[in-house]
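Q: My structure is below; once you've seen it, I'll send some questions.
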Amino acid sequence: MLLLEHINLNVDNGDLALRFFLALGAVQNTKSSNSRQVHVNIGLSQFHLPFHVSVANPSPVAQGDAQFWRGYVELVTTEPLDAITKRLLMDSDLAECQVEGMNNESLLVQSPWGCHGKDSKSTFKIIQNKAVADAASAALHAVKGHHGGFGRLIAMTRCVHTCKVGTARLIANFYLHVLDLNPKKVRLFANDTKVLIQFDVTPQTLEFHETERARSDEYDDTENSKYHIAVYLRSEESFRTAFHNVCRANALFVNKKFEGGPIEFASSKTLHEAILTGQFRVKNMFDPVTGIVGHVMEHEIRMMSHVACPLRPRARSIMPVVVPGGKIKNVCKL
Ligand SMILES: [Fe+2]
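The end of the sequence shown is residue 357 by my numbering, with every number in the run present.
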């Protein structure tokens, strides 16, 4: 896969969520933010933060329904960590978000949303890593990126999520044999209790770690867990293969929360719609041989034709040059 492009978390206070991410060093995507959600850019990735219940229902997300990532997300910054600490402390609503700083090597912060104590908040580990930051910067300068550009928070490098004991191998099989990833990009480790999926465009992994308390299907009955991720597959061919594998198992997912909005951000119900929009959804991460669902996490599966893809090459700039005869002609220059 090319990129884990966004994590979508419903929040109960869009203004507070925006201030939190700006304090961390993200920038707002003002083009795709609107009256029901905020989008913030972190390099080529984003957090999508809806504060309305759904496209059709403008009721605010209830405090108890705010969503939190079960695990942690690692983000790379290009500025000193104490600059982030200072900005968090300057906002009285965010002053409590910093959990700990560890020897100036990383900063652990928790989201200001979530109401059931610290176990119900998203956790972010912010680090400095020059090599990763340089690689992310090079990738950012080669493609169009997101509207609004990028700030000091330059990459979403690790998304670590918990999963039920005994499911890491099933999850690996979903990525290997349903989404048809290159076997070199899916790695089981720690005695097959952890699985790592490596993305191609920037240093970035999605990991599932087995833990005793984790369940497989919290998505299905717990509003806090009904979040989704968006990933870009390498090619239309791999997109078609994944679509067929998902359909063959009757696992194509329609999320009613996005019905009524633009079709590119809704749920494709046929291959024709998937090719037209560049996106389809699946939430049951199943092993295609046994049919057993290892974990439930909604994925927006996308290809590069999707309207919101940040990976298109930068537009060629037009540069006037003088050609023989003295006439001025516009030519493209990279
Ligand atoms: Fe999304």
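Where a beta carbon is used, it is the ideal one built from N, C-alpha and C, also for glycine.
Indicate the three-state DSSP secondary structure (helix, strand or coil) for Ile150 in the structure shown.
A: DSSP places Ile150 in strand when its eight states are reduced to three.
Q: Pairs of beta-carbons, one from the region 264-271 and one from the region 226-238, closer than 8 angstroms: are there three or more?
A: In short, these stretches do not touch, since the Cβ pair count stays below three.
Q: Quick check on this structure: which residue in Gly37, Ser145 and Met113 has the alpha carbon closest to the alpha carbon of Gln90?
A: Minimum Cα distance to Gln90 is reached at Ser145.
Q: For Lys249 versus Phe276, is the C-beta distance shorter than 8 angstroms?
A: Not closer than 8 angstroms, so no.
Q: Rounded to a whole number of angstroms, what is the C-alpha to C-alpha distance between Gln51 and Arg192?
A: If you take the alpha carbons of Gln51 and Arg192, they lie about 37 angstroms apart.
Q: If you drop the 5 nearest sequence neighbours on each side, which residues of the same chain put their C-beta closer than 6 angstroms to that of Gly124?
A: Excluding sequence neighbours, Gly124 sits near Leu130.
Q: Span of the alpha helix (DSSP H) holding Glu296?
A: First-last of the alpha helix (DSSP H) with Glu296: Leu294 to Thr300.
Q: Going by DSSP, which residues form a beta bridge with Pro73?
A: According to DSSP, which records beta bridges pairwise, Pro73 is partnered with Gln60.
Q: Among residues of its own chain, excluding the 5 on either side of His169, which ones have a beta-carbon nearer than 6 angstroms to its beta-carbon?
A: Correct list, in chain order: Asn52, Asn64 and Pro333.
Q: In the DSSP assignment, what are the bridge partners of Leu98?
A: For Leu98, which the question treats as bridged, DSSP gives the partners Ile149 and Met179.
Q: To the nearest angstrom, how far is it from the Cα of Asn353 to the Cα of Ile298?
A: Unreliable positioning characterises Asn353 in this predicted model, as indicated by a pLDDT of 39, which lies under 50. A coordinate reading is not provided.
Q: Pull up the distance between the alpha-carbon of Val188 and that of Arg337, whole angstroms please.
A: One C-alpha to the other measures close to 44 angstroms.
Q: Excluding sequence positions up to five away, which residues of its chain have a Cβ less than 6 angstroms from the Cβ of Ser77?
A: Here the set comprises Lys280.
Q: Would you check if the region 90-106 and the region 205-222 touch, i.e. whether three or more CB-CB distances between them fall below 8 angstroms?
A: Short answer: they don't touch.
Q: If Ile177 and Ser160 are in contact, beta carbons under 8 angstroms, what's the gap, nearest whole angstrom?
A: Correct: roughly 6 angstroms between the Cβ atoms.
Q: For the region 253-279, list the beta strand (DSSP E) runs that are entirely contained and at least 3 residues long, ordered along the chain.
A: You should have found no qualifying run.
Q: Distance check for Thr234 and Gln121, CA to CA, integer angstroms please.
A: In a straight line, the C-alpha of Gln121 is about 25 angstroms away from that of Thr234.
Q: Decide if Pro343 is buried, meaning its Cβ has at least 16 other Cβ atoms within 10 Å, or exposed.
A: A caution first: Pro343 carries a pLDDT of 41, below 50, which makes its placement in the model unreliable, though a value can still be read off. So Pro343 ends up on the exposed side.
Q: In the DSSP output, which residue or residues are listed as bridge partners for Phe309?
A: Per DSSP, Val316.
Q: Find the nearest neighbour of Leu236 within the set Thr185, Ala331 and Ala162, judged by alpha-carbon distance.
A: Correcting the residue type first, residue 236 is Arg in the shown sequence and not Leu. Among Thr185, Ala331 and Ala162, the Cα nearest to that of Arg236 belongs to Thr185.
Q: Three-state secondary structure (DSSP) at Arg192?
A: Helix at Arg192.
Q: Enumerate in chain order the residues of its own chain whose CB-to-CB distance from Glu259 is below 6 angstroms, with the five nearest sequence positions on each side excluded.
A: The residues are Met326.
Q: Can you tell me which of the three DSSP states Glu323 falls into?
A: Here Glu323 sits in strand by DSSP.
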